[in-house]
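In what follows, a single structure is set out as C-alpha cells and then discussed.
There are 2 protein chains.
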Amino acid sequence: MKFSKVPEATIRRLSAYVRHLEVLEEKGEVVVSSASLAESCGVNAAQVRKDLAYFGEFGIRGVGYYIKDLSDNIKTILGLNREWHLAIIGIGNLGSSLLFYKDFFKKNYKIVAAFDVDPAGVVGRVSEKIGKPVEILHPEQLQEVARDRRIDIAIIATPASEAQKVADQIAQSSIRGILNFTPTQIQMPKGFAVKNYFFTTILDNVAYLLRWRVK
Amino acid sequence: MKFSKVPEATIRRLSAYVRHLEVLEEKGEVVVSSASLAESCGVNAAQVRKDLAYFGEFGIRGVGYYIKDLSDNIKTILGLNREWHLAIIGIGNLGSSLLFYKDFFKKNYKIVAAFDVDPAGVVGRVSEKIGKPVEILHPEQLQEVARDRRIDIAIIATPASEAQKVADQIAQSSIRGILNFTPTQIQMPKGFAVKNYFFTTILDNVAYLLRWRVK
DNA sequence: CAAGAATAGAGAAAAGTTTCACATTTACCG
DNA sequence: CGGTAAATGTGAAACTTTTCTCTATTCTTG
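Respectively, the protein sequence lines represent chains D and Z. Okay, so the first sequence: first residue is 1 according to the numbering used here, each after it adds one. Okay, so the second sequence: first residue is 1 according to the numbering used here, each after it adds one.
In C-alpha cells form, the structure reads like this:
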C-alpha cells in the first residue's frame, strides 16, 4: 500500500476525526454516524465517508462507525500507534517553549534531543526555566546524535536566516521529517517530509478575512 | 471590492511572498521575476502570477515586479498596513508563551489583553516569568474590554474542553476574528473569521508522510 | 416477520485549483 | 533602429477535491 493519491487535506481531517473520536469515547459513546462526526468537525458527511474510503471500509451501513474501532484504524493509518522521536533545533524563545511545554505534544511524540549553536549560553537559561538540567547539543553533533537516538522528525525553531543551513545539515543526517517553524521555505532534496507551520501566516489569513469577508 | 472568490491558499501564499520580498528588499534587490519568487516560495511561476492577478496588475512585462511596490501592494491586500489588536484567552502553558514571546508576532499585531478564569493564580506566575507585572482579566470582562480596547482577534489558548464556552462569549462580543489553538472545531454563527492552528495536526501530517510517502 | 428509518459506500457531477501555452510587452544589444 | 531575450497576463486545459445522489445494508418497531 502506498496511499500516494490521498489528499493531504484528508490526512489533516483524519487527525481531527481521531481527536473527536477520543472525546466521544471518553463520554462512553459507542457508535457515531458520518453525519454527526462531520458536523462536529465542521465538514460535509460525504467528505468523512470519502476520506475513510481511501483506506478501507470501516463502517456498517444503516448503523454508523464503531468509535473505538474507527479510532484505532485511523491511528494506524496515521502512524500514531508508534512513538516518534523529535529533535528541536534552535533553543531561542520558541524552541525553549516547545521544550518547556512538553504537553504541547501528544504522548506518541517524544523529544529526544535539543540543539543550539550556543549550547553553553542556552543551557543555564533553559535549565532554570524548566527547573531541571537540560542537555543542549551543538548542531555539529546532529548526524551522530540523529543516528544514536533515532530521531525521526526535526523541528526547526531557529531564526529564519539559519533555517536553510539547518536544513542542509538535516539533509546529511538520517532524519527524514521536518516541521519548519520559521517563515522561510527551505529547499530539500527529494525524499523528505517537510511541513511548514508558521503562525503569523495564519494570523495574516484571519486578518485578511476580517478585512474583506466579514460583514 | 470583495475578493470573495479568492482561494484561501492564495492568501496563504501571499503571506509567503511578502515575507520573501522583505528579505530581497533587505538585500537591496529591486526587481524580481515570478519565476524567481516562485522558486523561493516553493510554488509554480504561473501560480504566483495567478495569485496576484486576483487583485490587479502589479508587474511589467518583460521586466518583472518592482519589489518595494509589490510588497506594499500585497501588504495592503492582506491588511498588514494597519495594526490589529489581539487578545489571548487562556493563560496556561501555551497562552503565557504567546504573551511572553511577543516577538512571535510581527509588529502590526499587538496584544492588548489577556484573559484567564483564574486571574489571581496566573498573574504571579506569569509576571515572574516575564519579569514585569501583567494584567490578567477574567473572561467575564471580555465584552466590555473587547469594546474598550478594540480587540480584533481573539486567540483561544484554553484547554480544549473550554474552547466552545470561550467561543460563545466571543460571539457575544465585538470581536470578529478567532485564531483557535485548541484541537477542537468551534461552532460559530455566520460572520466570523475563524482559523484553527493546531500544532500536532501538522506533526501528525509529517508522521503520516514519513510512514507512507518517504522512501 | 415485514415495513420503515437510518446510514455507509460509490459513481457521477460539480466546483475549485493549478498548470500550460501563448500573445504581448519591455529592455537590451549590436 | 530592428532583432532577440525575458517576462507578464490570461484563457484554456488538466487536474484535484468536494458534494450530490442513489443503491445496498442494517436495525428497530409493531
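C-beta: ideal position from N, C-alpha, C; glycine also.
Spatially closest choice to residue i from the options, by CA coordinates
i: Ser-161/Z; options: Val-63/Z, Lys-68/Z, Ser-33/Z and Thr-182/Z; result: Thr-182/Z
i: Lys-190/Z; options: Lys-27/Z, Tyr-197/Z, Gly-59/Z and Ile-178/Z; result: Ile-178/Z
i: Met-188/D; options: Val-214/Z, Lys-165/Z, Arg-176/Z and Leu-203/Z; result: Val-214/Z
i: Asp-116/D; options: Tyr-208/D, Arg-125/D, Lys-195/D and Thr-76/D; result: Arg-125/D
i: Ile-89/Z; options: Ala-207/Z, Ile-186/Z, Thr-200/Z and Ala-167/Z; result: Ala-167/Z
i: Lys-110/D; options: Ile-155/D, Ile-77/D and Thr-200/D; result: Ile-155/D
i: Gly-131/Z; options: Asp-152/Z, Val-32/Z, Glu-140/Z and Leu-99/Z; result: Leu-99/Z
Closer than 8 angstroms to chain Z by CB, residue i
i: Phe-115/D; result: no
i: Leu-94/D; result: yes
i: Ser-33/D; result: no
i: Tyr-109/D; result: yes
i: Ala-16/D; result: yes
Contacts of residue i in chain Z (Cβ-Cβ under 7 angstroms)
i: Asp-152/D; result: Leu-210
i: Ala-217/D; result: Since the first and last residues shown for chain D are 1 and 215, residue 217/D lies out of range.
i: Leu-179/D; result: Ile-202, Leu-203 and Val-206
i: Gly-42/D; result: Gln-185
i: Phe-3/D; result: Trp-212
Within chain Z, partners of residue i - CB distance below 9 angstroms
i: Glu-8/D; result: Asn-205, Tyr-208 and Leu-209
i: Gly-79/D; result: Asp-204, Ala-207, Tyr-208, Leu-210, Arg-211 and Trp-212
i: Ser-71/D; result: The contacting residues do not exist; Ser-71/D stays about 14 angstroms from chain Z at best.
Cβ-based burial, residue i [other Cβ within 10 Å; buried from 16]
i: Ser-96/D; result: buried
i: His-138/Z; result: exposed
i: Val-194/D; result: buried
i: Asp-148/Z; result: exposed
i: Ile-74/Z; result: buried
i: Arg-82/Z; result: exposed
i: Arg-13/Z; result: buried
i: Ser-15/Z; result: buried
i: Asn-205/Z; result: buried
The alpha helix (DSSP H) enclosing residue i, as first and last residue numbers
i: Ala-157/D; result: No alpha helix (DSSP H) holds Ala-157/D; DSSP gives it neither H nor E.
i: Val-18/Z; result: 8-26
i: Lys-75/D; result: 67-78
i: Val-48/D; result: 45-53
i: Gly-95/Z; result: 93-100
i: Asn-81/D; result: No alpha helix (DSSP H) contains Asn-81/D, which DSSP labels as neither H nor E.
Endpoints, beta strand (DSSP E) assigned at residue i
i: Phe-115/D; result: 109-115
i: Ile-136/Z; result: Unbroken run through Ile-136/Z: none, as it is neither H nor E.
i: Ile-89/D; result: 84-89
i: Val-194/Z; result: 193-196
Under 8 angstroms by beta carbon: chain Z residues contacting residue i
i: Phe-58/D; result: Within 8 angstroms Cβ-Cβ: nothing; Phe-58/D doesn't reach chain Z, min ~17 angstroms.
Residues that residue i contacts on chain D, provided the C-beta gap is smaller than 7 angstroms
i: Tyr-101/Z; result: Asn-93, Leu-94 and Ser-97
i: Arg-19/Z; result: Pro-183
Per-residue contacts from residue i into chain D (C-beta, under 8 angstroms)
i: Tyr-65/Z; result: The contacting residues do not exist; Tyr-65/Z stays about 18 angstroms from chain D at best.
i: Ser-127/Z; result: Residues of chain D passing the Cβ test: none, with the nearest at roughly 15 angstroms.
Cutoff 8 angstroms: residue i Cβ touching any chain D Cβ
i: Ala-171/Z; result: no
i: Ile-11/Z; result: yes
i: Arg-147/Z; result: no
i: Ser-36/Z; result: no
i: Ala-157/Z; result: no
Neighbour list for residue i in chain D, Cβ cutoff strictly below 9 angstroms
i: Ala-163/Z; result: In chain order: nothing, as chain D lies at least about 11 angstroms away.
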